[in-house]
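Below is one structure, written out as structure tokens; comments come after it.
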Amino acid sequence: MAEVRIDKWLWAVRLYKTRSLAAEACKKGKVSCNGQTLKPSHVVKVGEVYHLRRAPITFSYKVLALAHNRMAAKLVPDFMLDVTAPDQLQLLELNRLAHAAGRARGTGRPTKKERRDLEMFIDPTDWIDDMDDFELDEDVNS
Numbered sequence: 120m121a122e123v124r125i126d127k128w129l130w131a132v133r134l135y136k137t138r139s140l141a142a143e144a145c146k147k148g149k150v151s152c153n154g155q156t157l158k159p160s161h162v163v164k165v166g167e168v169y170h171l172r173r174a175p176i177t178f179s180y181k182v183l184a185l186a187h188n189r190m191a192a193k194l195v196p197d198f199m200l201d202v203t204a205p206d207q208l209q210l211l212e213l214n215r216l217a218h219a220a221g222r223a224r225g226t227g228r229p230t231k232k233e234r235r236d237l238e239m240f241i242d243p244t245d246w247i248d249d250m251d252d253f254e255l256d257e258d259v260n261s
């Protein structure tokens, strides 16, 4: 059976979008196994559990089979098992809820019309000043 590098395996099982991103994560110390950070050239072994640090949690994956080429998302469960601790997943959910509570769903940047209405509400005197410059000719026939 051929050997597979960790950066290639992480890319093949779709944990990273490109192989170079997987290699960069290894170089930055975000990929570990048994408490040791791994280099991109580390050889993957079936049965090992790899830990990926992605803020705010650490994901854990057990290798079920070696993957040499990138695969369809449906095939990924045949090659790895997500063994991330439940407390880590709960932390991820709490983080997601904290960001979602920041603003109401569907609201965001105002449209041009909404912005104008808002400016008019905040400072309604702008249009009044325009009326002061307007002069009526009362003596049109004189």
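Note that the working numbering has the sequence shown beginning at 120, numbered continuously upward. Backbone N, C-alpha and C fix where the C-beta goes; we use that ideal spot for every residue, glycine too.
Evaluate Lys127 with the Cβ neighbour count: other Cβ atoms within 10 Å of its Cβ, from every protein chain shown; 16 or more gives buried, anything less gives exposed.
It is buried - the Cβ of Lys127 has at least 16 other Cβ atoms within 10 Å.
Close beta carbons around Phe178, own chain, < 6 angstroms, minus the five adjacent residues each side:
The beta carbon of Phe178 is closer than 6 angstroms to those of Leu171 and Thr203 in its chain, skipping five residues each way along the sequence.
Suppose contacts are defined by Cβ-Cβ distances below 8 angstroms. Is Ala184 in contact with Val168 by that definition?
With respect to Val168, Ala184 sits apart: the two C-beta atoms are not nearer than 8 angstroms.
Apart from the five residues on each side of it in sequence, which residues of its chain come closer than 8 angstroms, Cβ to Cβ, to Leu208?
If we look at Leu208 and ignore the five residues flanking it on each side, its Cβ neighbours are Ile176.
When DSSP builds the beta bridges, which residues end up paired with Ser151?
DSSP, once it has assigned bridges, lists Thr156 and His170 as partnering Ser151.
contact_flag[the stretch 181-197, the stretch 124-142] where n(CB pairs < 8 angstroms) is 3 or more
Segments in contact, yes.
Separation of Tyr180 from Phe198, as counted between CA atoms
Rounded to the nearest angstrom, the two C-alpha atoms are 10 angstroms apart.
Val195 and Val132 - do their beta-carbons sit closer together than 8 angstroms?
Contact flag set, yes.
Using a threshold of 8 angstroms, state whether the C-beta atoms of Cys145 and Lys136 are closer than that.
Contact: no.
Can you give the Cα-Cα distance for Val163 and Ala217, rounded to whole angstroms?
Across the structure, Val163 and Ala217 are spaced so that their CA atoms are roughly 36 angstroms apart.
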